[in-house]
Structure formats: structure tokens, C-alpha cells
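What follows is a short report on a single structure.
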Amino acid sequence: MFFFGTKNSKIKRGQISNVTCPNCKEVTTLTFTVFGKYVHFYWVPMFPLRKKTIVECNSCYRTYNIKEAPEPVKHKFQREMTGIKTPLWYYSGLAILACLIYLAFYLSKKDEINDANYIQEPKVGDMYTIEAAKKGYYTTMKVNRVTKDSIFVIRNDFDLFRRSKIYRINKDENYTTKIDSFSKTELQHLFNNGNIFEVDRK
Ligand SMILES: [Zn+2]
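Every number in my numbering is 22 more than the matching position in the sequence shown, counting from 1.
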């Protein structure tokens, strides 16, 4: 269920004096109220829609939309209207969204940088997510020894179709006999060529 819709809020109220009311024909003062309309999602304002201005005659209390008002009234109102801005909080939702997107980018960039550092300085226990022999499947390998210029890994006995669920096969008992080794240069190549999707370090 989605909770979105539109809401109004009062932005400004003021007077337009010395104008003739089209209803009672008195030369009088009209009270105007500017309403802002915005779209909300779960009651968080997302973005503004058009403003609406209602005028009320101080003599006969008849109300009407500024658009239906006679030209002199519209003209005087125009001067009042300059300086009426859409409140910034109407954009709260968009601002929150922008922050979240920025945060997601920032975290993913940070993760990328971490992975690159982990490849340069491998440590025992590092886990690499790689493509399995079966096409479209993923598996892992774990570093169990690091020398000056090589690393030794144990490959996982299992593979998985969904990369996001890779943690399910990352159990100590799944790393048994499939030992492999790479030079650090080879490891760097594998990473640069995208053969190592992710590096996890505890
Ligand atoms: Zn009137």
C-alpha cells in the first residue's frame, strides 16, 4: 500500500487595498491567501505543484480565485506576489532521496577502493568471489597462505547461482581440498580483468 497524494499549505496571507470588489462593487480591501500544493509520499513532502491564490472581499466576504479577479486586482496582486517563494521544505523528500543516492554511491566507491587495497596486500582469511566453472554460477576462494610474491587459496567445494547469496556457501567446512596458488601479479590481473568480483575481509 502506498501513501501518497497532495496536500496544501498556506504560504502567505496579505491585503490588496483600494480595489473594487466585482461582487459588491465597493471600493474596499481584499484579503488574499496563497496556498502551495505539494506531492507527499508517506507524508514527506516530495515536490511542489502549482500555487493557488484565493481572495476574499473584506466587505461582502465573497471568495474567488485570483484568476477570476478583475485586472486591477490581479495587477496589484502581482506586486505582492514577487517575493513569495515556494518553501524549501516542499522538497524535503527529494533532498532525502538525493542524500541516500549520494550515500549509496559513496559506500560503493569506498567498497571498490577497499577491494583494490585488499588485492594489493592480501591477507590470510580474505575471501574472493569468483565465477564458478559452471556458467552463470559463482563460488569463492579463501586465502590460506601469503608469501612474498604469491598467495595460496582453497576453492569452495560449492557454487551458487545468486551472487548476493554467496555468504550461504561461505562455511569453513566447504573449503577442503581444492588448493590453488597465484602470483601476486596474477592476482592483480584477475582483479583488474573483473574475474574477482568482490573481496571480503573480516
Ligand atoms: Zn465584495
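The C-beta atom is built at its ideal place from N, Cα and C for all residues, glycine as well.
Between the alpha carbons of F69 and I106 lies a gap of roughly 17 Å.
Put simply, the backbone Cα of D181 is about 6 Å away from that of A154. Taken in chain order, the complete alpha helix (DSSP H) segments of 4 residues or longer contained in the segment 98-166 are 114-142. DSSP places N80 in no alpha helix (DSSP H); its state is neither H nor E. The C-alpha of T198 is placed about 25 Å away from the C-alpha of G216.
Going by DSSP, E220 is part of no alpha helix (DSSP H) but of the beta strand (DSSP E) stretching over I218 to D222. Counting the other Cβ atoms within 10 Å of the Cβ of I218 gives 16 or more, which makes it buried.
Here DSSP, grouped into helix, strand and coil, assigns N40 to strand. Within 6 Å of the C-beta of S31 there is not a single heavy atom belonging to ligand 1. In this structure, the C-beta of N40 stays at least 6 Å away from each heavy atom of ligand 1.
Apart from sequence neighbours up to five positions away, the residues of its chain that approach I201 with a beta-carbon distance below 6 Å are I176, ordered along the chain. Three or more pairs of CB atoms, one per stretch, sit closer than 8 Å, so the segment 96-115 contacts the segment 30-47.
The set of residues whose C-beta lies within less than 5 Å of a heavy atom of ligand 1 reads, in chain order, C43, N45, C46, C79, S81 and C82. For the set L119, I33, C46 and L52, the Cα lying nearest the Cα of V66 is the one of L119. Here Y150 is actually not in contact with T169; their C-beta atoms are around 17 Å apart, not less than 8 Å. For G58 against Y112, the beta-carbon gap comes to about 6 Å, under 8 Å, which counts as contact.
The DSSP-derived three-state label of I191 is coil. A distance below 8 Å between beta-carbons, with the five flanking residues on each side excluded, links S114 to the following residues of its chain, in chain order: V66, P67 and M68.
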